[in-house]
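Take a look at the structure set out below.
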Amino acid sequence: MEIIKSNKSRISKVDFSNLTFGEEFTDHMFTCDYIDGKWINPKIVPYKKLKMDPSSSVLHYGQSVFEGMKAYKDSNGEVFMFRPEENFKRLNISAKRLSIPEFPKKYFFEGLEILLNFDREWIIPGIGNSLYIRPFVFANQAGVQASPANKYKFLIICTPVKAYYSENVNVLISEKYSRAANGGVGFAKAAGNYAAQFYPTSLAQKKGYEQIIWTDANNHEYLEEAGTMNIFFRIGNNLITAPNNDRILDGVTRKSVIDLCRYLNINIEIRPISIKELISAHNDKSLKEIFGSGTAVVILPIKSFNYKNIHYNLIENKDPQSEFLKKKIMDIQYNIGEDPFNWRYKVPKSTFSK
Ligand code: COI
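Note that the numbering used here numbers the sequence shown so that position 322 is 329, with each residue one more than the last.
The structure is reproduced here in structure tokens:
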């Protein structure tokens, strides 16, 4: 792999105690090109601007998918990722749906490992600190024909982060807008899925709700996701989350929560859950908690929701399952607790020294 080191680190310019999610990037990035039917030129290079043709297909048709992962440092300075294999698999599942050629596993993991070693100092130890890793691929053919491109670029960039939200959030249940439809691309981490959320989310924010609970596109009766997160409801003694289908992202944190619940004998139900059931559980006080899950947030409690202009506050929970599950997951991520599933992935020290 070609490696070009940056000759001056920007790390001293970064205020790590005051980070806005995803605004500072590390010194290096990984890049790889798809040309003439092959992924070629895997490289680590200094983080820099890209040159693109104004007709590049991604700018016109949005042929692009991405992943979100994190790296953590323990108190001995060892670096870990959480289930990176799952992100790699999902990247290619998303890519297939968007007619993007499959990315080779060897390049993905080599690129990641060398990059994380090069920018190791950017990973700050301590609970809550992590390096958010953004692998992404986009169509880079010049020309506005509406067909799959014959050129692509794959990159990995990294940004040091703290908590995505500083507080628990309020959500608005969608009565009109949809995130995804049957047969569509909701299950894929397609760039356009996120762009399509911005406008409805900005309307919710004007009403004082940080995120939207996306409902099924047919009748807006079932609760599917919350903003960029999967969603869980604790009703009585059961934790409930919607089943995966072609509208719902197969979240790595979502599936980890499900596996942990099964392992810890927490009742978990994977089934459709309706707005009607949610409101009735709120009214009879069996609704104990709602929380979102995702790589960026890990687990984020939801403190209130709005449906048809009625605001519902959740009763404060003295013993939240969200906190318990978040701790279990973070203990694995930060190499503090037992890892019964082997989810922790130690990043080997690279043979390429800096
Ligand atoms: C993630 O949790 O990785 C996400 O995809 C959220 C991101 C859009 C910030």
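Note that the Cβ used here is the ideal one computed from N, Cα and C, for glycine as well.
Note that this is a predicted model, so its numbers are computed, not measured.
Mapping DSSP to helix, strand and coil, what is residue i?
| i | result |
| --- | --- |
| isoleucine 42 | strand |
| glycine 199 | helix |
| glutamine 212 | helix |
| valine 192 | coil |
| glutamine 218 | strand |
| leucine 271 | coil |
| lysine 56 | coil |
| glutamate 276 | strand |
| tyrosine 259 | Strictly speaking, residue 259 in this sequence is valine, with tyrosine absent from that position. Valine 259: helix per DSSP, three-state reduction. |
| isoleucine 4 | No answer is possible for residue 4: the residues shown for the chain start at 8 and end at 361. |
| serine 82 | coil |
| tyrosine 206 | helix |
| lysine 315 | coil |
| serine 24 | coil |
| serine 19 | helix |
| methionine 264 | Note on identity: in this sequence residue 264 is valine, with methionine being the wrong assignment. Reduced to three states, the DSSP call for valine 264 is helix. |
| glutamate 296 | strand |
| proline 91 | helix |
| histidine 35 | strand |
| isoleucine 11 | coil |
| asparagine 48 | strand |
| valine 305 | strand |
| lysine 169 | coil |
| asparagine 348 | Here residue 348 is phenylalanine; the residue named in the question, asparagine, does not match the sequence. It is coil, neither helix nor strand. |
| lysine 77 | strand |
| asparagine 225 | coil |
| asparagine 251 | coil |
| lysine 310 | strand |
| serine 360 | The predicted position of serine 360 is uncertain, since its pLDDT is 48 and thus under 50; a value taken from the coordinates is nonetheless stated next. In the structure shown, serine 360 sits in coil (DSSP, three-state: anything other than H, G, I, E or B). |
Are there 16 or more other CB atoms within 10 angstroms of the CB of residue i, so buried, or fewer, so exposed?
| i | result |
| --- | --- |
| leucine 246 | buried |
| alanine 249 | buried |
| histidine 35 | buried |
| glutamine 152 | exposed |
| arginine 123 | Going by the sequence as given, residue 123 is leucine instead of arginine. Counting Cβ neighbours within 10 Å, leucine 123 comes out buried, since at least 16 surround it. |
| tryptophan 350 | buried |
| histidine 289 | buried |
| aspartate 60 | exposed |
| tyrosine 79 | buried |
| isoleucine 255 | buried |
| tyrosine 270 | exposed |
| threonine 33 | buried |
| serine 369 | Here the chain comprises residues numbered 8 to 361, so residue 369 is not present and cannot be evaluated. |
| isoleucine 242 | buried |
| glycine 91 | In the sequence under discussion, the amino acid at residue 91 is proline, which differs from the glycine named in the question. By the neighbour-count rule (16 or more Cβ atoms within 10 Å), proline 91 is buried. |
| serine 154 | exposed |
| proline 142 | buried |
| asparagine 147 | buried |
| phenylalanine 239 | buried |
| leucine 294 | buried |
| methionine 8 | exposed |
| lysine 77 | buried |
| phenylalanine 125 | buried |
Mind checking which residues open and close the alpha helix (DSSP H) that includes residue i?
| i | result |
| --- | --- |
| phenylalanine 335 | Note on identity: in this sequence residue 335 is lysine, with phenylalanine being the wrong assignment. From DSSP, the alpha helix (DSSP H) with lysine 335 extends over 328–340. |
| asparagine 290 | 282–290 |
| serine 64 | 64–68 |
Between which two residues does the beta strand (DSSP E) harbouring residue i extend?
| i | result |
| --- | --- |
| leucine 230 | 230–233 |
| valine 354 | No beta strand (DSSP E) contains valine 354, which DSSP labels as neither H nor E. |
| methionine 236 | 236–242 |
| histidine 71 | Rather than histidine, the amino acid found at residue 71 in this sequence is serine. 71–73 is the span of the beta strand (DSSP E), which, as asked, contains serine 71. |
| asparagine 177 | 176–180 |
| leucine 321 | That residue, leucine 321, is in no beta strand (DSSP E); it is neither H nor E in DSSP. |
Any heavy atom of the ligand HEM closer than 7 Å to the beta-carbon of residue i?
| i | result |
| --- | --- |
| threonine 302 | Summarising the ligand content, the structure contains the ligand COI and does not contain the ligand HEM. |
Kindly indicate if chain D contains any beta-carbon less than 8 Å away from that of residue i.
| i | result |
| --- | --- |
| proline 91 | This model lacks chain D altogether, as it is built from one protein chain only. |
Inter-stretch contact at 8 Å, needing at least 3 Cβ pairs: the region 320–332 / the region 290–299: Yes, the region 320–332 touches the region 290–299.
Sufficient close CB pairs (3 or more, under 8 Å) joining the region 99–107 to the region 59–73: Short answer: they touch.
Length at least 3, wholly inside the region 95–159: the beta strand (DSSP E) runs in chain order: Annotation note: the region 95–159 contains the following uninterrupted beta strand (DSSP E) runs of length 3 or greater, listed N- to C-terminal: 137–146.
Meets three-Cβ-pair contact criterion under 8 Å: the region 230–247 and the region 268–288: Here the region 230–247 lies against the region 268–288, with 3 or more beta-carbon pairs under 8 Å apart.
Cβ pair count under 8 Å reaching 3, the region 213–220 against the region 232–241: Under the 8 Å Cβ criterion, the region 213–220 counts as touching the region 232–241, having at least three qualifying pairs.
Stretch-stretch touch, CB-based, cutoff 8 Å, three pairs: the region 83–91 with the region 29–43: Cβ pair count under 8 Å is below three, so no.
Contact between the region 19–39 and the region 166–185 (3+ Cβ pairs under 8 Å): Touching, yes.
Sufficient close CB pairs (3 or more, under 8 Å) joining the region 89–101 to the region 195–206: The region 89–101 vs the region 195–206: in contact.
Segment contact, 8 Å Cβ cut-off, at least three pairs: the region 260–268 with the region 301–308: A contact exists between the region 260–268 and the region 301–308.
Sufficient close CB pairs (3 or more, under 8 Å) joining the region 204–217 to the region 335–353: The region 204–217 vs the region 335–353: no contact.
Stretch pair the region 47–54 + the region 309–323: three plus CB contacts closer than 8 Å: Contact between the region 47–54 and the region 309–323 is absent: fewer than three C-beta pairs spanning the two stretches fall below 8 Å.
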